[in-house]
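Chemist:
This is how it looks when you write it as structure tokens:
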């Protein structure tokens, strides 16, 4: 199953050097999920060949402009190109108020249902479950209410070991049961354990998105053992005071967080406009967490 | 005096083919005026090497997203890079409400004064006067309240004909009076007419901006005899019914308007997403108004 994230925007509040405000697209088995939607996201989607109307769920972490000012343009364009399918939107309660005010004054009535679910930043909450995926929001510590999002693949059923099944002549009708954990009793009375007749499944993978936050311990329980952790790294650690003042994180802290929570890989982003060259941020994080990568626009990262 | 307009966005509501939503920058003697501010305008300004903080006045024609969704991002970035100078904003009354709602929820207090002046779409009104320029808003006919903007250079004083003044030995103290229309009486009693002692000035130039409008006669009085008319031309004329339905104009109608009002030159833009190739729009307008040009992003046009 494909499970990847495309970086659409990697900049912090002031876009510069061709970098755009924050937005990410998750492809989970060809289902598309947008996470944050900074100004220009619809243009970035077009640039990377993604049709906006393939997106069914949009998650907004908080109401700083660099994380949501592309949203109204995107949902308006979906309307203009004839979307009929429901769109599910998750974000702080006031997001709905902001969207409604725009549509009142632009006299727009969307041709598709926009389903809004308000997030809260007090505790972790499952906000979406599909056959394959569970999405939770969890509190971050930023200047205004802000949540991260965690995407967990659900445990899949194992696959039948087709060679063994054929050798034993197991009737097809039994196979779904075996996949679900029933042992197989052969006509000669031999019992074959389901574990010996199946392969896998691969361990479920997980992705956590920490958009804007100061480094605290409060959000660490929610991002334990993820396969890929995206963590903002607005500053180098020589600016840690500035990071504290503005409720942001340094690259060193991002690496430390990844190490502490036992993440497999770390993706850093949300770069301050003061860094044209991003390598020092990467190097700094790698001093504590080697499996760090830079979030670079247009790149897909495996989860 | 420099008097030019830079196209930052030339697209109608759905940005496509690398075209951006509407925004234009006017440079009048190195004073910068922004007219409309579609999503991504701050990125376009950066692309063309314009520092946002050089802009002192922003004019918003109406509250369809493709004409203002870049505004909050731009004024936020001005704040973040330390702007202290006043910014003057002109637009429909609800624009202020929309901005305020964003800043309440993002908990932003701008570090510079943002002076808002509401426009109205009932009659022409002078909304700004500087030493050199007079800016008026005037009603257009669109689906929601919408104004155009007209930029008129003020009549400048003539220049002294330095050779004549030197030949006659006119004392320097008289020159400012002569420029202002006083004749000169020489010591021998001869009176020299001020017109014969001065050169120019060049005729004042004017630019009118018709953002989104259906073709009516109502706005024609406000755009008479402009040097450069920008007029939307969303559709080709075979789509005139669609233009009427959506309160837009065809390229043919834009050309006809330019001809009717005695404009010197016409710039067309706000292209529908259905036109990848813009030449047919240009050709159609030129069938009635030869001095038509396409608004192309990144190009400066003399007024």
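Residue numbers (the working numbering), protein chains in the order written: chain A, 403 to 705; chain B, 403 to 705.
C-beta atoms are modelled at their ideal positions from N, C-alpha and C, and glycine is treated no differently.
Because the structure is a prediction, the values reported are computed rather than measured.
Quick one: is residue 506(A) buried, meaning 16 or more other Cβ sit within 10 Å of its Cβ, or exposed?
Modeler: The sequence position of residue 506(A) within the first chain is 104, counting from 1. It is exposed - the Cβ of residue 506(A) has fewer than 16 other Cβ atoms within 10 Å.
Chemist: Between 693(B), 496(B), 464(B), which has its C-alpha nearest residue 544(B)'s C-alpha?
Modeler: Translated into the one-based positions of the second chain, residue 544(B) becomes position 142. Per the Cα distances, 464(B).
Chemist: Tell me, please, which residues DSSP counts as bridged to residue 552(B).
Modeler: The sequence position of residue 552(B) within the second chain is 150, counting from 1. Answer is 538(B), 610(B).
Chemist: Are the beta-carbon atoms of residue 686(A) and residue 412(A) separated by less than 7 angstroms?
Modeler: Position 284 of the first chain holds residue 686(A). Position 10 of the first chain holds residue 412(A). Contact: no.
Chemist: Establish whether the CB of residue 507(A) and some CB of chain B are separated by less than 7 angstroms.
Modeler: To locate residue 507(A), count along the first chain from 1; it is residue 105. So, interface residue.
Chemist: Please list, in chain order, the chain A residues whose beta carbon lies closer than 7 angstroms to that of residue 444(B).
Modeler: Position 42 of the second chain, counted from the start, is the residue given in the question as residue 444(B). Going along chain A in sequence order, the residues near residue 444(B) (Cβ under 7 angstroms) are 417.
Chemist: Using a Cβ cut-off of 7 angstroms (strictly closer), state whether residue 565(A) contacts chain B.
Modeler: For the purposes of this step, residue 565(A) is taken as the residue at position 163 of the first chain. Answer no: the Cβ-Cβ gap between residue 565(A) and chain B never drops below 7 angstroms.
Chemist: Runs of 3 residues minimum, wholly inside the region 612-687 of chain B: which ones carry the beta strand (DSSP E) assignment?
Modeler: Those beta strand (DSSP E) runs which fall completely within the region 612-687 of chain B and span 3+ residues are 630-634, 667-671.
Chemist: Grab the span of the beta strand (DSSP E) containing residue 690(B) for me, first residue to last.
Modeler: As a first step, residue 690(B) is located in the second chain; it is residue number 288 there, counting from the start. That residue, residue 690(B), is in no beta strand (DSSP E); it is neither H nor E in DSSP.
Chemist: Measure the alpha-carbon distance for residue 682(A) versus residue 548(A) and round it to whole angstroms.
Modeler: For the purposes of this step, residue 682(A) is identified with residue 280 of the first chain, where counting begins at 1. For the purposes of this step, residue 548(A) is identified with residue 146 of the first chain, where counting begins at 1. So the two alpha carbons sit approximately 27 angstroms from each other.
Chemist: Residues of chain B with CB closer than 9 angstroms to the CB of residue 499(A), please, in chain order.
Modeler: Here residue 499(A) refers to the residue found at position 97 of the first chain. Those within 9 angstroms of residue 499(A) in chain B are 503, 507.
Chemist: Does the region 525-538 of chain B touch the region 588-602 of chain B, meaning 3 or more C-beta pairs lie closer than 8 angstroms?
Modeler: In short, these stretches do not touch, since the Cβ pair count stays below three.
Chemist: State yes or no: is the beta carbon of residue 630(B) nearer than 7 angstroms to at least one beta carbon in chain A?
Modeler: Taking the first residue of the second chain as position 1, residue 630(B) is located at position 228. Answer no: the Cβ-Cβ gap between residue 630(B) and chain A never drops below 7 angstroms.
Chemist: Which of helix, strand or coil does DSSP assign to residue 483(B)?
Modeler: Taking the second chain and counting its residues from 1, one reaches residue 483(B) at position 81. Correct three-state label for residue 483(B): coil.
Chemist: How would you label residue 643(B), buried or exposed, when you count the other beta carbons within 10 angstroms and need 16 or more for buried?
Modeler: Position 241 of the second chain, counted from the first residue, corresponds to residue 643(B). Under this definition residue 643(B) is an exposed residue.
Chemist: Grab the span of the beta strand (DSSP E) containing residue 460(A) for me, first residue to last.
Modeler: Position 58 of the first chain, counting from 1, holds the residue named residue 460(A). Run containing residue 460(A): 457-461, per the beta strand (DSSP E) assignment.
Chemist: Beta carbons nearer than 7 angstroms to chain B: which residues of the region 425-444 of chain A have them?
Modeler: Cβ contacts with chain B: 441, 442, 444.
Chemist: Among 452(A), 504(A), 697(A), 664(A), which has the Cα closest to the Cα of residue 690(A)?
Modeler: Taking the first chain and counting its residues from 1, one reaches residue 690(A) at position 288. The shortest Cα separation from residue 690(A) among 452(A), 504(A), 697(A), 664(A) belongs to 664(A).
Chemist: Mind checking whether residue 431(A) and residue 406(A) have CB atoms under 7 angstroms apart?
Modeler: For the purposes of this step, residue 431(A) is taken as residue 29 along the first chain, with counting starting at 1. For the purposes of this step, residue 406(A) is taken as residue 4 along the first chain, with counting starting at 1. No; because the gap between Cβ atoms is not below 7 angstroms, this pair is not in contact.
Chemist: Straight-line CA distance for residue 659(A) to residue 671(A)?
Modeler: Counting from 1 along the first chain, the entry for residue 659(A) is found at position 257. Counting from 1 along the first chain, the entry for residue 671(A) is found at position 269. Looking at the two C-alpha atoms, the distance is approximately 14 angstroms.
Chemist: Considering Cα atoms alone, identify which of 504(B), 485(B), 498(B) is closest to residue 496(A).
Modeler: Taking the first residue of the first chain as position 1, residue 496(A) is located at position 94. When each option's Cα is compared against that of residue 496(A), the closest is 504(B).
Chemist: Measure the C-alpha to C-alpha separation of residue 551(B) and residue 626(B) and round it to an integer number of angstroms.
Modeler: Taking the first residue of the second chain as 1, we reach residue 551(B) at position 149. Taking the first residue of the second chain as 1, we reach residue 626(B) at position 224. Cα-Cα distance, rounded: 13 angstroms.
Chemist: Taking just the CA atoms, how far does residue 557(B) sit from residue 606(B)?
Modeler: Numbered from 1 along the second chain, position 204 holds the residue referred to as residue 606(B). Numbered from 1 along the second chain, position 155 holds the residue referred to as residue 557(B). Those two C-alpha atoms are separated by around 5 angstroms.
Chemist: Cutting at 7 angstroms between CB atoms, please list the residues of its own chain near residue 488(B), excluding the five before and the five after it.
Modeler: In the second chain, residue 488(B) corresponds to position 86, counting from 1. The residues are 514, 515, 517.
Chemist: Smallest Cα separation from residue 654(A): which of 490(A), 638(A), 666(A), 647(A)?
Modeler: One-based indexing of the first chain puts residue 654(A) at position 252. Of 490(A), 638(A), 666(A), 647(A), the residue nearest in Cα terms is 638(A).
Chemist: For residue 451(B), count neighbouring Cβ atoms within 10 angstroms of its own Cβ and tell me buried if that reaches 16, exposed if not.
Modeler: Here residue 451(B) is taken as the residue at index 49 of the second chain, counted from 1. Result: exposed.
Chemist: Could you confirm whether any beta carbon from chain A is found closer than 7 angstroms to the beta carbon of residue 467(B)?
Modeler: The count along the second chain starts at 1 and reaches residue 467(B) at position 65. Yes, its Cβ sits closer than 7 angstroms to a Cβ of chain A.
Chemist: So, does the region 444-459 of chain A touch the region 413-421 of chain A, judging by three or more C-beta pairs under 8 angstroms?
Modeler: No, the region 444-459 of chain A is not in contact with the region 413-421 of chain A.
Chemist: Take every Cβ of the region 435-444 of chain A, pair it with every Cβ of the region 469-478 of chain A, and state whether three or more of those distances are shorter than 8 angstroms.
Modeler: Because the criterion of three Cβ pairs below 8 angstroms is met, the region 435-444 of chain A and the region 469-478 of chain A touch.
Chemist: Roughly how many angstroms separate the alpha carbons of residue 688(A) and residue 493(A), rounded to a whole number?
Modeler: Start at 1 with the first residue of the first chain, and residue 688(A) comes out as number 286. Start at 1 with the first residue of the first chain, and residue 493(A) comes out as number 91. Near 32 angstroms, if we compare the C-alpha coordinates of residue 493(A) and residue 688(A).
Chemist: Can you name the start and end residues of the alpha helix (DSSP H) that residue 598(B) belongs to?
Modeler: Here residue 598(B) corresponds to residue number 196 of the second chain, with the count starting at 1. Taken as a continuous stretch (DSSP letters only), the alpha helix (DSSP H) holding residue 598(B) covers 596-599.
Chemist: Check distances from the C-beta atoms of the region 470-483 of chain A to those of chain B and list, in chain order, the residues that come in under 7 angstroms.
Modeler: So the close ones are 471, 472, 474, 475, 478, 479, 482, 483.
Chemist: Name the DSSP bridge partner or partners of residue 694(B)?
Modeler: As a working mapping, residue 694(B) is identified with position 292 in the second chain. Bridge partners of residue 694(B): 668(B).
Chemist: Could I get the ranges of all uninterrupted beta strand (DSSP E) runs contained in the region 478-533 of chain A, with 3 residues as the minimum, in chain order?
Modeler: Whole beta strand (DSSP E) segments, 3+ residues: 489-493, 516-520, 527-531.
Chemist: Find the residues of chain A that neighbour residue 448(B), judging by a C-beta separation of less than 8 angstroms, and give them in chain order.
Modeler: One-based indexing of the second chain puts residue 448(B) at position 46. Residues of chain A passing the Cβ test: 417, 418.
Chemist: Are residue 632(B) and residue 669(B) closer than 7 angstroms when you measure CB to CB?
Modeler: By one-based count along the second chain, residue 632(B) stands at place 230. By one-based count along the second chain, residue 669(B) stands at place 267. Result yes, Cβ atoms of residue 632(B) and residue 669(B) sit closer than 7 angstroms.
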